[in-house]
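Just below is one structure, and these are the notes that go with it.
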Amino acid sequence: MKENLESETERPSYVVAITGASGAIFGFSLLKALVDHSYFVYLIISKPGFKVIKDELGMFANLDTDGNLISLTGKIKDEIMSKFELHDDGFAFLDDMFLEAKIASGSAKQVKGMAVIPCSMGSLSRIACGNSGNLIERASDVMLKERKKLIVCPRETPFNDIHLKNMLSLNNSGAVILPPIPAFYNKPQSVGDMISFITGKILDSLGIDNDMYVRWKGYD
Ligand SMILES: Cc1cc2nc3c(=O)[nH]c(=O)nc-3n(C[C@H](O)[C@H](O)[C@H](O)COP(=O)(O)O)c2cc1C
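Put into structure tokens, the structure is as follows:
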């Protein structure tokens with residue numbers, strides 16, 4: 008089963024991690040955008056992330072996602088493919104305790120970068136401390152040690168000084184702190200426009216050309 012989970016190609020790849028903060032849809036939007044741009048994506052969802060997804064998006068309603076997910080991998084991936092119109096060969100879903108995964112090592116050269124979106128304050132603190140207890144934390148740690156792009160999208164409000172210190176620490180370690188804060192200069196007409204704006208900003212930060220949002224053109 009683990010070999011199937013690793014059945015990706017040698018295509019340029021990104022890691023997308025969804026943790027247990029509000030705004031899971033941002034993570035799926037980025038997954039879809041990267042796949043649409045022909046990148047392979049390794050998707051990891053933390054156990055609390057599943058709780059938020061169930062609550063906010065009504066997905067995985069009949070799956071017990073609290074335990075070991077190896078036997079549920081196919082069902083989880085099928086539901087994501089059907090909801091977000093994705094193909095089987097676009098991404099792999101990885102259990103967050105699958106620390107033997109390719110992306111847990113710096114030797115995975117086709118992996119170009121990673122985004123933790125949305126990033127809970129718990130994951131933020133553990134990544135900032137280098138506490139690599141699960142695959143999200145370990146893959147983030149690998150990005151930083153390999154000097155690859157790590158985009159962290161913290162979701163909480165307001166922030167306390169622990170949150171802010173952890174963000175500054177991660178910024179100083181090379182991560183990009185990109186909070187999912189919408190802009191209004193682009194006159195969003197829907198929640199979808201706001202989600203696309205954040206997705207586009209992450210693609211920008213990863214160096215991927217995109218037209219996911221209306222850019223500020225300046226005054227004449
Ligand atoms: C519905 C729901 C929404 C949550 N929203 C947030 C949030 O926006 N930010 C946050 O830091 N934690 C939030 N939490 C709490 C985290 O899920 C919790 O701290 C969890 O331990 C984070 O674990 P993880 O970082 O491994 O995903 C939320 C929890 C639930 C159930």
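Numbering (our numbering), first residue to last: 8 to 227. We put the CB at the ideal spot given by N, CA and C, even for glycine.
In terms of CA proximity to E92, S36 leads the group N193, I188, M150, S36.
Short of 7 angstroms from the beta carbon of N178, and not among the five residues preceding or following it, lie these beta carbons of its own chain, in chain order: I184. Per the coordinates, the alpha-carbon of G113 lies some 15 angstroms from the alpha-carbon of Y49. The way I'd put it, the stretch 22 to 33 doesn't touch the stretch 79 to 94; fewer than three beta-carbon pairs between them come closer than 8 angstroms. Distance from the CA atom of K224 to the CA atom of I205, rounded to whole angstroms, is 18 angstroms.
Taking M201 as reference, the option from R222, S180, G56, I188 with the minimal CA-CA separation is I188.
With distances taken between CA atoms, N173 lies nearest to N138 out of R18, R154, N138. Each of T26, G27, A28, S29, S53, P55, G56, K58, V59, D62, S127, M128, G129, S130, R162, E163 has a C-beta closer than 6 angstroms to some heavy atom of ligand 1; these make up the full list, in chain order.
D218 sits exposed, since fewer than 16 C-beta atoms from the chains shown fall within 10 Å of its C-beta. Annotation: the stretch 127 to 190 contains the following complete segments of the beta strand (DSSP E) (minimum length 3 residues), in chain order: 156 to 161.
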